[in-house]
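*Asks:* In this note's numbering, the protein residues as written are 10 to 444.
Can you read through this structure? Questions will come right after.
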Amino acid sequence: MGRWMKADVYPLLGAMSFVTGMCLFQLTRNALLNPDVRINKAHRKTAVLENQEEGEKYAEHRLRKFLRTRPPQVMPPSIASSPTTTSHILTMPFYKYIFSSDGGGGGGAAADHRRRGVLPWNMQGFAGSRCVRSKATNPFRILNNSLPLNKYAFLTTHNAYAIEGEPYHTGVPRITLTNQEDTVTQQLNNGVRALMLDTYDFEGDIWLCHSFGGRCHDFTAFKPAIDTLREIEVFLSGNPSEIVTVILEDYVHTPNGLTKVFTEAGLMKYWFPLSKMPKNGQDWPLVSEMVANNQRLLVFTSIKSKESSEGIAYQWNYMVENQYGDDGMKAGECSNRGESSALNDKTKSLVLVNYFRSVPVKALACVQNSGDLVNMLQTCYGAAGSRWTNFVAVDFYKRSEGGGTFEATDMLNGELLCGCKDVHSCAAGSSCTAP
């Protein structure tokens with residue numbers, strides 16, 4: 010699938026480029042004339058936009074108007090018939106071009122701004138290095154690994170595979186969103202211990218991919234899953250005391266397709282067995298026991314039937330999870346996503362908190378990964394029946410206005426391990442020691 014793109018989608022891409030170019034021209038013009046982006050509302054009709062939300066609405070309106078005037082054959086039936094086609098097609102190139110720091114490929118207006126020392130409008134207020142920390146604290150080294158797995162917190166990368174600069178592996182330029190800047194190996198080396206991956210059947214194999222209409226296409230595919238799984242194997246092999254969790258948004262329907270690719274990647278020797286996973290709210294095995302038994306890879310799937318057919322844990326049998334995307338970022342609110350039981354369901358002994366936008370915007374990650382994230386973790390603590398989260402999932406994990414996701418994970422581990430606000434306070438001889 011996806012081969013039609015070479016012949017049929019280019020007319021659409023040309024129109025999209027025109028719309029995007031017009032919006033970018035007006036945004037750049039405004040940034041140069043008025044860095045504070047205080048725009049008179051009367052100028053909106055000429056696409057001089059007051060803020061990001063207005064920009065999104067204006068561009069979407071223009072693209073919808075264009076699509077209504079085009080014959081349906083400019084898009085394949087599987088996409089043209091989708092009610093979400095317009096917004097998906099819009100957001101891919103629009104956000105990639107306007108909101109990424111490299112202008113969606115290293116060239117264009119964004120790159121020109123950098124060469125001339127001028128920041129695009131979306132980068133005003135985000136100048137300079139914001140990433141104060143770039144590596145997580147290992148709680149096993151601060152205290153020890155003698156507690157159950159559910160007594161620790163782990164930094165988690167949402168769409169860990171959707172990496173800026175990932176080469177094209179299909180021969181077709183990728184037109185989709187990215188969520189991370191580092192390779193999976195770099196993520197793991199920096200202390201990320203849980204990876205969210207989207208798996209699809211594609212070209213006779215299992216791929217990591219975004220999708221249109223629930224299907225992987227040439228222009229949304231990132232890479233064969235085995236490549237990323239082999240990175241995980243190399244990390245586990247070289248770090249015999251570490252545990253990695255893989256959370257799959259699973260669209261693989263090939264019988265035993267996941268089992269096959271995990272086996273080929275050499276990961277089955279680390280597999281934590283289903284039989285040892287608690288289902289009634291009990292504690293998980295001790296981390297030290299998991300390490301001693303070399304059962305250091307936890308894998309969860311979003312397809313319930315695979316628990317019986319392939320022995321892969323169905324995620325929501327073991328953890329509760331809050332709503333993802335914009336609906337999960339409302340201050341003071343923390344509700345469960347549809348597939349999860351209520352957050353205060355203590356028959357599930359793991360807690361996952363998502364905190365990332367529906368459409369990733371790297372320029373805003375510094376803010377969202379800082380104080381707002383900590384506030385949400387505290388809100389979700391109450392919603393989860395006075396339980397701190399075990400997995401905190403974010404986009405652009407190193408970006409913040411301070412300690413960011415690393416500091417948030419330190420707070421979680423401090424609370425989980427010894428009731429302190431920082432895991433470093435749990436160390437022997439500190440002012441707050443573990444009970």
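All C-beta atoms in this analysis are idealised placements derived from N, C-alpha and C, irrespective of residue type, glycine included.
These figures come from a predicted structure and were not determined experimentally.
Please report how far the alpha carbon of glutamine 332 lies from the alpha carbon of threonine 166, in whole angstroms.
*Replies:* For glutamine 332 and threonine 166, the distance between alpha carbons rounds to 16 Å.
*Asks:* Give me the DSSP bridge partner(s) of cysteine 218.
*Replies:* DSSP output for cysteine 218 lists Ala230 as bridge partner(s).
*Asks:* If you run the structure through DSSP and keep just helix, strand and coil, what is isoleucine 312?
*Replies:* Isoleucine 312: coil per DSSP, three-state reduction.
*Asks:* Can the beta-carbon of lysine 144 be found closer than 8 Å to that of asparagine 188?
*Replies:* No.
*Asks:* Can you name, in chain order, every residue of its own chain whose Cβ lies under 6 Å from the Cβ of serine 91, other than the five neighbours on each side?
*Replies:* Here the model assigns serine 91 a pLDDT of 42, short of 50, so the residue's position is not dependable, and the following value carries that caveat. Counting only Cβ-Cβ distances below 6 Å, and skipping sequence neighbours, we find Gly222.
*Asks:* Which same chain residues, not among the five before or five after alanine 417, have their C-beta less than 7 Å away from its C-beta?
*Replies:* Cβ within range, chain order: Leu382, Val383, Leu386 and Val401.
*Asks:* With a CB to CB cut of under 8 Å and the five nearest residues on each side skipped, what residues in its chain are close to glutamate 196?
*Replies:* Before going further, note that residue 196 is glutamine rather than glutamate in the sequence given. Answer for glutamine 196: Thr166, Ala169, Gln189, Leu204 and Tyr406, listed in chain order.
*Asks:* Using C-beta distances below 6 Å, list every residue in its chain close to glutamate 348, excluding the 5 sequence neighbours before and after it, in chain order.
*Replies:* Trp325.
*Asks:* Looking only at DSSP bridge pairs, what is proline 157 linked to?
*Replies:* Looking at the DSSP assignment, proline 157 forms a beta bridge with Leu295.
*Asks:* Let's see if you can read the secondary structure: which residues bound the alpha helix (DSSP H) around asparagine 384?
*Replies:* It spans 380 to 392 - the alpha helix (DSSP H) in which asparagine 384 sits, taken as one unbroken run.
*Asks:* If you draw a straight line from the alpha carbon of glycine 380 to that of threonine 263, how long is it in whole angstroms?
*Replies:* Distance between the alpha carbons of glycine 380 and threonine 263: 43 Å.
*Asks:* Note down the Cα distance separating asparagine 378 from glycine 412, rounded to an integer number of angstroms.
*Replies:* Each residue's alpha carbon lies about 9 Å from the other.
*Asks:* Between Cys427, Leu276 and Asp236, which has its C-alpha nearest glutamate 242's C-alpha?
*Replies:* Of the candidates Cys427, Leu276 and Asp236, the one whose C-alpha sits nearest the C-alpha of glutamate 242 is Leu276.
*Asks:* Between which two residues does the alpha helix (DSSP H) holding isoleucine 256 run?
*Replies:* Note, isoleucine 256: premise wrong, no alpha helix (DSSP H); beta strand (DSSP E) at 253 to 260.
*Asks:* Since threonine 208 sits in a beta bridge, which residues does DSSP pair it with?
*Replies:* In the DSSP output, where bridge partners are listed per residue, threonine 208 has Leu217 and Asp259.
*Asks:* With 16 other CB atoms within 10 Å as the buried threshold, where does lysine 313 fall?
*Replies:* Exposed, by the Cβ-count rule.
*Asks:* Could you give the first and the last residue of the continuous beta strand (DSSP E) run that contains alanine 402?
*Replies:* First-last of the beta strand (DSSP E) with alanine 402: 400 to 403.
*Asks:* Between threonine 414 and valine 403, is the Cβ-Cβ spacing less than 8 Å?
*Replies:* The answer is yes: Cβ separation under 8 Å.
*Asks:* Taking only three categories from DSSP, how would you classify arginine 150?
*Replies:* If DSSP states are grouped into helix, strand and coil, arginine 150 belongs with the helices.
*Asks:* To which residues does DSSP link valine 370 through a beta bridge?
*Replies:* Answer by DSSP bridge pairing: none, since valine 370 is not bridged.
*Asks:* Which value, in whole angstroms, describes the spacing of the CA atoms of glycine 428 and leucine 352?
*Replies:* For glycine 428 and leucine 352, the distance between alpha carbons rounds to 21 Å.
*Asks:* Assuming lysine 357 and valine 329 make a contact with CB atoms under 8 Å, what is their CB distance in whole Å?
*Replies:* Indeed they touch by this definition, with Cβ atoms about 5 Å apart.
*Asks:* Mapping the DSSP letters down to three states, classify asparagine 168 as helix, strand or coil.
*Replies:* Three-state DSSP puts asparagine 168 in coil, outside helix and strand.
*Asks:* Assign tyrosine 510 to one of three DSSP states: helix, strand, or coil.
*Replies:* As shown, the chain starts at 10 and ends at 444. That puts residue 510 outside it, with no answer to give.
*Asks:* Taking the DSSP output, what are the residues bridged to tryptophan 280?
*Replies:* Per DSSP, Leu306.
*Asks:* Select from Ala392, Val376, Glu258 and Thr192 the residue whose C-alpha is nearest the C-alpha of serine 311.
*Replies:* Closest option to serine 311, Cα to Cα, is Glu258.
*Asks:* Would you check if the distance between the CB atom of tryptophan 456 and the CB atom of leucine 359 is smaller than 8 Å?
*Replies:* One cannot answer for residue 456 here, as it falls past the ends of the chain, which runs 10 to 444.
*Asks:* Please tell me whether tyrosine 423 and serine 434 are closer than 8 Å, where the distance is taken between their beta carbons.
*Replies:* The amino acid occupying residue 423 in the given sequence is glycine; tyrosine does not appear at that position. A contact, by the Cβ cut-off of 8 Å.
*Asks:* Would a C-beta distance cut-off of 8 Å place glutamate 319 and threonine 268 closer than the cut-off?
*Replies:* Yes. Within cutoff.
*Asks:* Return the residue from the list Arg408, Gln291 and Asp354 that minimises the CA-CA distance to lysine 160.
*Replies:* Minimum Cα distance to lysine 160 is reached at Gln291.
*Asks:* Helix or strand or just coil, what does DSSP make of glutamine 196?
*Replies:* Three-state result, glutamine 196: helix.
*Asks:* Hey, quick one: how far does the alpha helix (DSSP H) through glutamate 330 stretch, first residue to last?
*Replies:* Unbroken run through glutamate 330 is the beta strand (DSSP E), 328 to 330; no alpha helix (DSSP H).
*Asks:* Quick check on alanine 171: buried or exposed, where buried means 16 or more other Cβ atoms within 10 Å of its Cβ?
*Replies:* Buried.
*Asks:* Let's see if you can read the secondary structure: which residues bound the alpha helix (DSSP H) around leucine 426?
*Replies:* Counting along the chain, the alpha helix (DSSP H) containing leucine 426 begins and ends at 413 to 427.
*Asks:* Would you say valine 261 and tyrosine 177 are within 8 Å of each other, going by their C-beta atoms?
*Replies:* No, Cβ-Cβ distance for valine 261 and tyrosine 177 is not below 8 Å.
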